[in-house]
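Residue numbering for the sequence shown follows this note's numbering, beginning at 452 and increasing consecutively. All C-beta atoms in this analysis are idealised placements derived from N, C-alpha and C, irrespective of residue type, glycine included. Since the model is a prediction, treat every value here as computed from it, not as a measurement. Below is one structure, written out as structure tokens, with a few remarks after it.
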Amino acid sequence: MKRFALLTSGGDCQSLNATMRGVAKSLYEEYGKDVEIYGILEGYKGLIYGNYKLMKPKEFSGILTEGGTIIGTSRQPFKLMRTLDENGLDKVKAMKDTYKKLKLDCLVILGGNGTHKTANLLSQEGLNVVTLPKTIDNDIYGTDMTFGFQSAVNIATDAIDCIHTTAASHGRVFIVEVMGHKVGWLTLHAGIAGGADIILIPEIPYDINSVVDAINKRTNAGKRFSILAVAEGAISKEDAKLSKKELKAKQEKSPFPSVSYKIGKEIEEKTGQEIRVTIPGHTQRGGSPCAYDRVISSRLGAAAAELIKKKQYGYMVGIRNNEIIPVPLADVAGKLKMVSPESSMIKEAKGLGICFGD
Ligand code: F6P
């Protein structure tokens, strides 16, 4: 009997169930009745505290189109993994104990950056681990694409599309704040797809005067409205010079609920135009996976099962040039895939007249 467990960790996305279905279908296909698949409940929390359930094959049916995760998720910060819990429990030992108790052949982990640091730690601790790249942020190192990203791009783009019509009617400046604290992939893609005039991302610190110039240029050309796609982690040139600690202190004292409101106020003062801010927020992680995500989730799931069959552990399945490849966990953990300000995509966007505030 082969025994595997699935675990989903960190922020959810639309395509987690589709991916688990891909893994499970391929494992049942290979091992038939000689396989048990466990669901570790609520991410690493379930592994630490021994909360899991034996999954029935039928639980993986009908979930291709279902957002969220049927086994729950939670955020368990990597930096606290080596710290004892409030009852003195050694979390790493506890996770290893659950793995041993279940007599697992492999633990299959679906998650983003933080999740991969802990997955790498477990692999270094001797557990058989295979991972899959999940996040709407598309910021996992070693893969061109993460599942969840395209679905989120579609939702953020829809939000910008809806704002376009009302912005045009009223002749207002609209800011749509898109998810992404550290990286701007989602804002960049949704901004281009939604025809935003200004895109502000964490990788390219902005000068508010450049943003204002871009809006004034549009106004002088007779355009009655402007649309900004702003990443929640967008940062001014001035703030980018601060240390992490100084920035945190400044943000805590800020009267604005998020960077978009600060930018909105500055634009209002400098241009006299009417500003509105829209934040689609967690809707960007909700609903059904788009067709593209369903395809890559199914492919990644099948590829993860293939690694398991070959007993090739300690890898994430990634996508490069549309081929699925194994990437060593040690190469993935602790790195972020950021937008390069020098990339051709940024140059092309600038060629379209999009302002990045730099
Ligand atoms: O990592 C995915 C993500 O949606 C980010 O884009 C966002 O900044 C963050 O999670 C929000 O986290 P939470 O769900 O904990 O509010």
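Exercise. State the CB to CB distance for the pair G563 and D588, rounded to an integer number of angstroms; the pair is presumed to be in contact (CB under 8 Å).
Key: 7 Å
Quiz item: Under a three-way DSSP split, which group does V746 fall into?
Solution: helix
Quiz prompt | Unbroken beta strand (DSSP E) run spanning E487, endpoints | solution = Its beta strand (DSSP E) spans residues V486 to I491.
Quiz item: So does E654 have its beta carbon nearer than 7 Å to some heavy atom of the ligand F6P?
Solution: E654: no, Cβ never under 7 Å from the ligand F6P.
Quiz item: Starting from I626 and walking both ways along the beta strand (DSSP E), at which residues does that stretch end?
Solution: V624 to V629
Exercise. Give the secondary structure of E774 by DSSP, where H, G and I count as helix, E and B as strand, and everything else as coil.
Key: strand
Quiz prompt | DSSP three-state assignment for T549, whether helix, strand or coil | solution = helix
Exercise. May I ask you to check if the CB of T586 is nearer than 7 Å to at least one heavy atom of the ligand F6P?
Key: yes
Quiz item: Excluding five sequence neighbours on each side, which residues of the same chain lie with their C-beta closer than 6 Å to the C-beta of I626?
Solution: L679, V681, S711, G715 and V728
Quiz item: For C613, which of helix, strand or coil comes out of DSSP?
Solution: C613 falls in the helix class under three-state DSSP.
Quiz item: Is DSSP giving P584 helix, strand or coil here?
Solution: strand
Quiz item: Less than 8 Å separating the beta-carbons of K547 and E517?
Solution: no
Self-check item: Closest Cα partner of S687 within the set K798, E703, I652 and F707
Solution: I652
Self-check item: Pair within 8 Å by beta-carbon distance, A619 and P731
Solution: no
Quiz item: Candidates I747, L553, I499 and K552: which alpha carbon is nearest L531's?
Solution: I499
Practice problem: Using a threshold of 8 Å, state whether the C-beta atoms of P792 and I655 are closer than that. | Solution: In this structure, I655 lies closer than 8 Å to P792 by Cβ.
Quiz prompt | Proximity test, R526 beta-carbon vs the ligand F6P heavy atom, cut-off 7 Å | solution = yes
Quiz item: Considering T729, what are the terminal residues of the beta strand (DSSP E) in which it resides?
Solution: I726 to T729
Quiz item: Using a threshold of 7 Å, is the CB atom of H640 nearer than that to any non-hydrogen atom of the ligand F6P?
Solution: no
Quiz item: Taking the C-alpha atoms as reference points, what is the distance between H567 and A784?
Solution: 5 Å
Quiz item: Touching or not, the segment 588-607 and the segment 483-503, by the rule of three or more beta carbon pairs under 8 Å?
Solution: no
Quiz item: Can you name the residues that DSSP bridges to C806?
Solution: I649
Quiz item: Is any heavy atom of the ligand F6P found at a distance shorter than 7 Å from the C-beta of E799?
Solution: No, since every heavy atom of the ligand F6P falls outside the 7 Å radius drawn around the Cβ of E799.
Exercise. Let me know if Q763 comes out buried or exposed under the rule of 16 or more other beta-carbons within 10 Å of its beta-carbon.
Key: Its Cβ having fewer than 16 others within 10 Å, Q763 is exposed.
Quiz prompt | Whole-Å CB distance - F529 paired with R472, under 8 Å assumed | solution = 27 Å between Cβ atoms; not a contact.
Exercise. Mind checking who A700 pairs with in its DSSP beta bridge?
Key: Its beta-bridge partners do not exist; DSSP assigns none.
Practice problem: Classify S794 as helix, strand or coil using the three-state DSSP reduction. | Solution: coil
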